[in-house]
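Each remark here refers to the structure printed beneath this line.
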DNA sequence: TACCCGGTTTGACCATGGTCAATACCGCGC
DNA sequence: GCGCGGTATTGACCATGGTCAAACCGGGTA
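Residue numbers (this note's numbering), protein chains in the order written: chain R, 10 to 256; chain L, 10 to 256.
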């Protein structure tokens, strides 16, 4: 609690160390000290980039670490017994993955890179060691997990009973929000996932998603070109979804 | 870690103290000691029964405690800006509620009793104090929250793209499973929630749910009488839902 | 250049399940 | 007993969005 971070320079320095954002940047509630961060950083092990399509961890794998996206993007999904598949989420830089594995020793879902990406590994045993000496980290972890839960619930609200178009709009808006938080241009999105991924995530058919993109484009709300989506009318987008928000 | 629980008598004694099950019974991973449990029990404050329809906590309320269902049942739900409502879950004895409030200081959903119920309050500040001296409790809490997350994800898989009938069947089966874990007869269910609640939870219209109950009854799978549902053909139920499981 | 392949778009058709509305049922109070 | 209110059931109709199928596009490769 002492030695709270004083200069933005130091903060940025730490920010560059991956693993920082999701665990620590998450509102810094108790004011972790510089020393705490350094201890935390010892748990971080850099990983080589993942190629598009490569699996970070597979459903059923034994759980050993949490992962923080450093660059690129990934999707997490579960596969049912009959080859059916449900995408649980898309993960951008700063997002933490693998939380579900905490409950028992196995990952309940798989994670796959949507493009060339890189992630940081936080080995859980080390994380536990560190948090023994850094009490604030504990509460922080609980907050992070709880946050993931709330996000999941928000997503469920949307899956519940929203119109197809509203689902897509909520998705676009949420992506824009996450871009903004990453200091990217929130009006210029690059969809690293396929239409089919989006459809699956939103509980729609991929044809429906495709049609909706076309419609929103012809309505002058979006400019769509394959993976690039530009938001032209943020205002229209906003009232197309009645204040619903997603991740 | 010392003084691990030795006799079932002592265990049962503690089990009767509410708050035990969800936090501690959850697989007792690190083997909390008797003393640990007694410390834990100091955080538990008995609550008077809740009447049907009464609110335990309301969306937006400031978060101060977790709750464990002791008897009866509750539902949690979020309400959108335009009076729209989504039910997130139904909670039976042993279930823990209020986890979403950990992320910031406010409950992201409301909890309402579906019948005369009683819950135990675990004040979070006290829980934190205790877990400072009981390291195993920390990991335990993380597991519990992570478990809630995984449940949420399972529910989402179902909302994603399942047929209406499969959704209802998965719901029934999951309820049966929870009954079994509570040592109740898993073939004789009492639905404390209304058809409309079920429909909302499953992302269907209440008429659809009603029709499905009728259909399953005329198929000889269930015997339905208002709130009472008896499972006649567990086997049929099982292969109606392709191994999907819910909470 | 031609070719192919995956992802995407578009069209036509249709089914599931939602909506609206009437009726039935149950419990409760008078 | 009767009537009332909330809940559940049933029916008829229809819309949204799913399915099937064909065409299209862009990028990579021979």
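Cβ atoms here follow ideal geometry from the backbone N, Cα and C, with glycine treated the same way.
Check: Which of helix, strand or coil does DSSP assign to residue 71 (chain L)?; Outcome: strand
Check: For a cutoff of 8 Å on Cβ pairs, would you count residue 95 (chain L) as touching chain R?; Outcome: yes
Check: How big is the Cα-Cα spacing for residue 84 (chain R) and residue 51 (chain L)?; Outcome: 43 Å
Check: Taking the alpha-carbon positions, what's the residue 82 (chain R) to residue 208 (chain R) distance?; Outcome: 17 Å
Check: Identify, in the order they occur along the chain, each residue of the same chain with its Cβ nearer than 8 Å to the Cβ of residue 223 (chain R), setting aside the five sequence neighbours on each side.; Outcome: 233
Check: With which residues is residue 232 (chain R) paired in a DSSP beta bridge?; Outcome: R:239
Check: For the stretch 156-176 of chain L, which residues have a CB atom closer than 7 Å to at least one CB atom of chain R, in sequence order?; Outcome: 156, 157, 158, 159, 161, 162, 164, 165, 166, 168, 169 and 170
Check: Which of the three DSSP states, helix, strand or coil, is assigned to residue 63 (chain L)?; Outcome: coil
Check: Tell me where the beta strand (DSSP E) around residue 174 (chain L) begins and ends.; Outcome: Careful: residue 174 (chain L) lies outside any beta strand (DSSP E), inside the alpha helix (DSSP H) at 173-190.
Check: With 9 Å as the limit, tell me which residues of the stretch 105-126 of chain L have their beta carbon closer than that to any beta carbon of chain R; keep them in chain order.; Outcome: 108, 109, 110, 111, 112, 113, 117 and 118
Check: Ends of the alpha helix (DSSP H) at residue 206 (chain L)?; Outcome: 204-211
Check: Straight-line CA distance for residue 166 (chain R) to residue 251 (chain R)?; Outcome: 13 Å
Check: Roughly how many angstroms lie between the CA atoms of residue 114 (chain L) and residue 72 (chain L), to the nearest whole one?; Outcome: 5 Å
Check: If we ignore side chains and look at the alpha-carbon of each, how far apart do residue 164 (chain R) and residue 210 (chain R) end up?; Outcome: 9 Å
Check: Find the residues of chain L that neighbour residue 138 (chain R), judging by a C-beta separation of less than 7 Å, and give them in chain order.; Outcome: By Cβ distance, chain L contributes nothing, its closest Cβ being about 11 Å from residue 138 (chain R), past 7 Å.
Check: List, in order along the chain, the chain L residues whose C-beta lies closer than 9 Å to that of residue 212 (chain R)?; Outcome: 165, 168, 169, 170 and 212
Check: Chain L beta carbons: is any one of them nearer than 8 Å to that of residue 92 (chain R)?; Outcome: no
Check: Check for me: the alpha helix (DSSP H) holding residue 199 (chain L) runs from which residue to which?; Outcome: Here residue 199 (chain L) belongs to no alpha helix (DSSP H); instead the beta strand (DSSP E) covers 197-199.
Check: Just how far apart, CA to CA, sit residue 148 (chain L) and residue 109 (chain L)?; Outcome: 17 Å
Check: Closer than 9 Å between beta carbons: that is the criterion. Which residues of the stretch 181-193 of chain L meet it against chain R?; Outcome: none
Check: According to DSSP, simplified to helix, strand and coil, what is residue 23 (chain L)?; Outcome: In this predicted model, residue 23 (chain L) has a pLDDT of only 44, less than 50, meaning its place in the structure is not dependable enough to derive any value.
Check: Within the 8 Å Cβ cut-off, does residue 67 (chain L) reach chain R?; Outcome: no
Check: At what residue ranges does the stretch 98-127 of chain R contain a whole run of the beta strand (DSSP E), taking only runs of 3 or more?; Outcome: 119-122
Check: Going straight from the alpha carbon of residue 129 (chain L) to that of residue 56 (chain L), what length do you get?; Outcome: 6 Å
Check: If we count the other Cβ atoms within 10 Å of its Cβ and call it buried at 16 or more, is residue 185 (chain R) buried or exposed?; Outcome: buried
Check: For the beta strand (DSSP E) that contains residue 87 (chain L), what are its first and last residues?; Outcome: 83-88
Check: Are the stretch 126-142 of chain R and the stretch 178-193 of chain R touching by the rule of at least three beta carbon pairs closer than 8 Å?; Outcome: no
Check: Do you know offhand how far residue 218 (chain L)'s Cα is from residue 172 (chain L)'s?; Outcome: 12 Å
Check: Counting only the same chain and skipping the five closest in sequence on each side, list residues whose C-beta sits under 6 Å from that of residue 54 (chain R).; Outcome: 130
Check: Between residue 139 (chain R) and residue 103 (chain R), which are expected to be in contact by the criterion C-beta below 8 Å, what is the C-beta distance as a whole number of angstroms?; Outcome: With a Cβ gap of about 20 Å, residue 139 (chain R) and residue 103 (chain R) do not count as contacting.
Check: Short of 7 Å in beta carbon distance, which residues of its chain neighbour residue 189 (chain L), apart from the five on each side in sequence? Order them along the chain.; Outcome: 195
Check: Between residue 152 (chain L) and chain R, is there a C-beta pair that is closer than 8 Å?; Outcome: yes
Check: Taking the alpha carbon of residue 216 (chain L) as the reference point, which residue from L:60, L:203 and L:158 has its own alpha carbon closest?; Outcome: L:203
Check: Residues in its own chain within less than 6 Å of residue 175 (chain L) by CB, not counting five upstream and five downstream?; Outcome: 250
Check: With 7 Å as the C-beta to C-beta threshold (strictly closer), list the residues of the stretch 67-90 of chain R near chain L in chain order.; Outcome: 87, 89 and 90
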